[in-house]
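Peer 1: Numbering (full-length UniProt numbering), first residue to last: 1 to 535. Note that the Cβ used here is the ideal one computed from N, Cα and C, for glycine as well.
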């Protein structure tokens, strides 16, 4: 007998009291198991499954025809993002980038395992003397008039009957689904004789499917059952928290080494988990999933646990150099080194309380001096907002909330919405028409200019200043912060803010933004103010 609560197929309660109640509950469960592996579009078992940005999966052959997406210039490096599909699933309908609709390798393995277990059970020869016949009654019509070969027999109304078939309900339902006679949303009831042999065989079939699938739902980073599964563009799936940790140290898939640039997609407020895998795991291993959920809750920051260094502005992906001499901060750094080497950095405030927004830093290297002082290099890894704060041994500790960027899809939607007037007047991106095109200050301030035109404006400004040998672009500065990331709109604002000689109060605005486009617009505003000598 299976231990998972979802599988009370032949519980003592059902056997002792009302077989009808057992039959009704189990029938719903049997139908749900098959629905887990059906495509919501064609209703056939999923074939070459594709994960959509909305978290659902369909067969690759069920993807709608692609169309050319307009009014989008960022992210430009992913050419396939210029092609899109309108999501065919009810309740979504979003314009998904074709590049985001990737093959779902993990789900494919799960489906192959389930199919193999069902086929093995179907092909096994049961005792002919046992009554194991099942008739499936489908509460719906066949998928289409094309199924003239259907073996469904019409009953009253829209109810159809298939059978009798040799084998328990799970196998019979799968056969009906595989033949195209069971719509995704259709319900099913069954005529069969619930003998002990019948129930035992059905329990064995369910157990075989469960065991076959279990071997395919482990995360290849933590080697535990997937929790909040997120699928990378390469098709591999990991726990959301595991992929977040992996991206902090290397920007490639831990399995196939495919380059990844999906930071926003690993955050729950930007991207939902893979729904089919979540449903399968929730159904078969509810207890294990609940245990993982409790563990994840315990691992989340609780209370005032983030040490805060109040000193300067730091940005993600950019180095920060610190000379640590105060006793309280020497203690802070010592504790950070004993832990995960991270701490929070916020800009000094004249009002006494720490600033609301800051950056998490990870210590890369440190040199100690005999008198206890140290010089360290740290790099920004994420941003946060301080919700509450207190003190510990002289330094600030805070309860924080992560500040994550919106998803790439939301970024694209933002550009489409803000550039309607621009494209309506011009018909195409001006940056693509002329090298070195410079939008007017009025156009830049309006906020209607395409993202990559804003980026081109910033890059041209940097090039001009470099030709003029300005002090903030000298070799020493560039050696520390790197050359201008001309082809990386995501990193450019952080790099630009790190070297531009303007007040920190202006740069601070970047920390609270959630959009690459918004940050580049702020950089353009800085340039306009500098060029017009308003600072």
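#1: Please determine if the stretch 95 to 105 and the stretch 56 to 72 are in contact, where contact requires at least 3 C-beta pairs separated by less than 8 Å.
#2: So is residue 250 buried or exposed if we call it buried at 16+ other beta carbons inside 10 Å?
#3: Near residue 316, which residues of its chain fall below 7 Å by C-beta distance, leaving aside the five closest residues on each side in sequence?
#4: What are the boundary residues of the beta strand (DSSP E) that includes residue 399?
#5: Select from 255, 376, 398 the residue whose C-alpha is nearest the C-alpha of residue 320.
#6: Would you report the Cα separation of residue 244 and residue 195, rounded to the nearest angstrom?
#7: Express the C-alpha separation of residue 231 and residue 342 in angstroms, rounding to a whole number.
#8: Which residues in the same chain have their Cβ closer than 7 Å to the Cβ of residue 86, if we skip the five residues on either side of it in sequence?
#9: So who's on the other strand from residue 166, going by DSSP bridges?
#10: Given this structure, state the Cα-to-Cα distance separating residue 48 from residue 102, to the nearest angstrom.
#11: What residues are listed by DSSP as bridge partners for residue 230?
#12: Hey, does residue 318 have any beta-carbon neighbour from chain B nearer than 8 Å?
#13: Taking just the CA atoms, how far does residue 421 sit from residue 410?
#14: In whole angstroms, what is the alpha-carbon distance linking residue 467 and residue 527?
#15: Quick check on DSSP: helix, strand or coil for residue 160?
#16: Per DSSP, what are the beta-bridge partners of residue 376 in this structure?
#17: Please classify residue 507 as buried or exposed, where buried requires at least 16 other C-beta atoms within 10 Å of its C-beta.
#18: Excluding five sequence neighbours on each side, which residues of the same chain lie with their C-beta closer than 8 Å to the C-beta of residue 314?
#19: What whole-angstrom Cβ distance do residue 135 and residue 161 have, given they're in contact under 8 Å?
#20: Hey, how far is the Cα of residue 152 from the Cα of residue 31?
#21: What are the start and end residues of the alpha helix (DSSP H) that includes residue 253?
#22: Find the nearest neighbour of residue 503 within the set 229, 312, 486, 294, judged by alpha-carbon distance.
#23: On the CB-based measure, 16 or more other CB atoms within 10 Å of its CB, does residue 168 come out buried or exposed?
#24: By alpha-carbon positions, which one of 290, 515, 500 ends up nearest to residue 529?
#25: For the alpha helix (DSSP H) that residue 506 lies in, which residues bound it at each end?
#26: So which of 124, 166, 496, 51 has the shortest CA-CA distance to residue 318?
#27: From this set, 367, 38, 414, which residue's C-alpha is nearest residue 177's C-alpha?
#28: Residue 60 to residue 281, Cα distance in whole Å?
#29: Report yes if the CB atom of residue 522 is closer than 8 Å to the CB atom of residue 514, and no otherwise.
#30: Among 109, 404, 334, 449, whose alpha-carbon lies nearest the alpha-carbon of residue 50?
#31: Can you look up residue 471 in the DSSP assignment and give me helix, strand or coil?
#32: What does a CB cutoff of less than 6 Å around residue 325 pick up in its chain, not counting 5 residues either side in sequence?
#33: Classify residue 55: buried if its beta carbon has 16 or more other beta carbons within 10 angstroms, exposed otherwise.
#34: Answer with buried or exposed for residue 412, where buried requires no fewer than 16 other C-beta atoms within 10 angstroms of its C-beta.
#35: How many Å lie between residue 273 and residue 57 at the Cα?
#36: Output the distance between the C-alpha atoms of residue 389 and residue 309, rounded to the nearest integer angstrom.
Peer 2: Put simply:
#1: yes
#2: The sequence position of residue 250 within the chain shown is 250, counting from 1. By the 10 Å Cβ count, residue 250 comes out exposed.
#3: Along the chain shown, one-based indexing puts residue 316 at 316. Within the same chain, and ignoring the five residues on either side of residue 316 in sequence, the residues whose Cβ sits closer than 7 Å to its Cβ are 359, 380, 381, 382, 383, 494.
#4: In the chain shown, counting from the first residue as 1, residue 399 sits at position 399. Unbroken beta strand (DSSP E) run through residue 399: 395 to 403.
#5: Within the chain shown, residue 320 is the residue found at index 320, counting from 1. Checking every option, the nearest Cα to that of residue 320 belongs to 376.
#6: In the chain shown, residue 244 corresponds to position 244, counting from 1. In the chain shown, residue 195 corresponds to position 195, counting from 1. Roughly 50 Å separates the two Cα atoms.
#7: As a working mapping, residue 342 is identified with position 342 in the chain shown. As a working mapping, residue 231 is identified with position 231 in the chain shown. In this structure, the straight-line span from the alpha carbon of residue 342 to that of residue 231 is close to 27 Å.
#8: As a position in the chain shown, residue 86 is number 86, starting the count at 1. Excluding sequence neighbours, residue 86 sits near 64, 93, 95.
#9: Residue numbering aside, residue 166 sits at position 166 when the chain shown is read from its first letter. DSSP, once it has assigned bridges, lists 133 as partnering residue 166.
#10: For the purposes of this step, residue 48 is taken as residue 48 along the chain shown, with counting starting at 1. For the purposes of this step, residue 102 is taken as residue 102 along the chain shown, with counting starting at 1. For residue 48 and residue 102, the distance between alpha carbons rounds to 10 Å.
#11: Along the chain shown, read from residue 1 onward, the residue named residue 230 stands at position 230. Answer is 238.
#12: The structure shown contains no chain B; it holds only a single protein chain.
#13: Here residue 410 refers to the residue found at position 410 when the chain shown is read from its first residue. Here residue 421 refers to the residue found at position 421 when the chain shown is read from its first residue. The alpha-carbon atoms of residue 410 and residue 421 are separated by roughly 19 Å.
#14: Walking along the chain shown from the start, residue 467 turns up at place 467. Walking along the chain shown from the start, residue 527 turns up at place 527. CA-to-CA, the gap between residue 467 and residue 527 works out to about 16 Å.
#15: Mapped onto the chain shown, residue 160 falls at position 160. The answer is strand: DSSP assigns residue 160 an E or B state.
#16: The sequence position of residue 376 within the chain shown is 376, counting from 1. According to DSSP, residue 376 bridges with 322, 366.
#17: Your numbering for residue 507 matches position 507 in the chain shown. The residue is buried, with at least 16 neighbouring Cβ atoms inside 10 Å.
#18: As a first step, residue 314 is located in the chain shown; it is residue number 314 there, counting from the start. Once the five neighbours on either side are set aside, the close Cβ partners of residue 314 are 320, 345, 358, 359, 361, 378, 380.
#19: Residue 135 sits at position 135 when you count from the first residue of the chain shown. Residue 161 sits at position 161 when you count from the first residue of the chain shown. Yes, they are in contact, since the Cβ atoms of residue 135 and residue 161 sit about 6 Å apart, within 8 Å.
#20: Position 152 of the chain shown, counting from 1, holds the residue named residue 152. Position 31 of the chain shown, counting from 1, holds the residue named residue 31. Summary for residue 152: the model assigns pLDDT 49, below 50, so the residue's position carries little reliability; its value from the coordinates is reported in the next sentence. Going from the Cα of residue 152 to the Cα of residue 31 covers about 17 Å.
#21: Start at 1 with the first residue of the chain shown, and residue 253 comes out as number 253. Here residue 253 belongs to no alpha helix (DSSP H), and DSSP marks it neither H nor E.
#22: Here residue 503 refers to the residue found at position 503 of the chain shown. The shortest Cα separation from residue 503 among 229, 312, 486, 294 belongs to 312.
#23: Locating residue 168 in the chain shown gives position 168, where the first residue counts as 1. By the 10 Å Cβ count, residue 168 comes out buried.
#24: The sequence position of residue 529 within the chain shown is 529, counting from 1. The shortest C-alpha separation from residue 529 is found at 500.
#25: As a position in the chain shown, residue 506 is number 506, starting the count at 1. Element bounds for residue 506: 504 to 507.
#26: Working through the chain shown from its first residue, we reach residue 318 at position 318. With distances taken between Cα atoms, residue 318 lies closest to 496.
#27: For this step, residue 177 is matched to residue 177 along the chain shown. Per the Cα distances, 38.
#28: Within the chain shown, residue 60 is the residue found at index 60, counting from 1. Within the chain shown, residue 281 is the residue found at index 281, counting from 1. Cα-Cα distance, rounded: 23 Å.
#29: Taking the first residue of the chain shown as position 1, residue 522 is located at position 522. Taking the first residue of the chain shown as position 1, residue 514 is located at position 514. Cβ distance not < 8 Å, so residue 522 and residue 514 don't count as in contact.
#30: For the purposes of this step, residue 50 is taken as the residue at position 50 of the chain shown. Minimum Cα distance to residue 50 is reached at 109.
#31: By 1-based counting over the chain shown, the position of residue 471 is 471. In the structure shown, residue 471 sits in a helix (DSSP, three-state: H, G or I).
#32: By 1-based counting over the chain shown, the position of residue 325 is 325. Excluding residues within five positions, the ones whose Cβ falls inside 6 Å are 373.
#33: Taking the chain shown and counting its residues from 1, one reaches residue 55 at position 55. Buried, since its Cβ has 16 or more Cβ neighbours within 10 Å.
#34: One-based indexing of the chain shown puts residue 412 at position 412. Buried, by the Cβ-count rule.
#35: Your numbering for residue 273 matches position 273 in the chain shown. Your numbering for residue 57 matches position 57 in the chain shown. Looking at the two C-alpha atoms, the distance is approximately 11 Å.
#36: Mapped onto the chain shown, residue 389 falls at position 389. Mapped onto the chain shown, residue 309 falls at position 309. When rounded, the separation of the alpha-carbon atoms in residue 389 and residue 309 is 12 Å.
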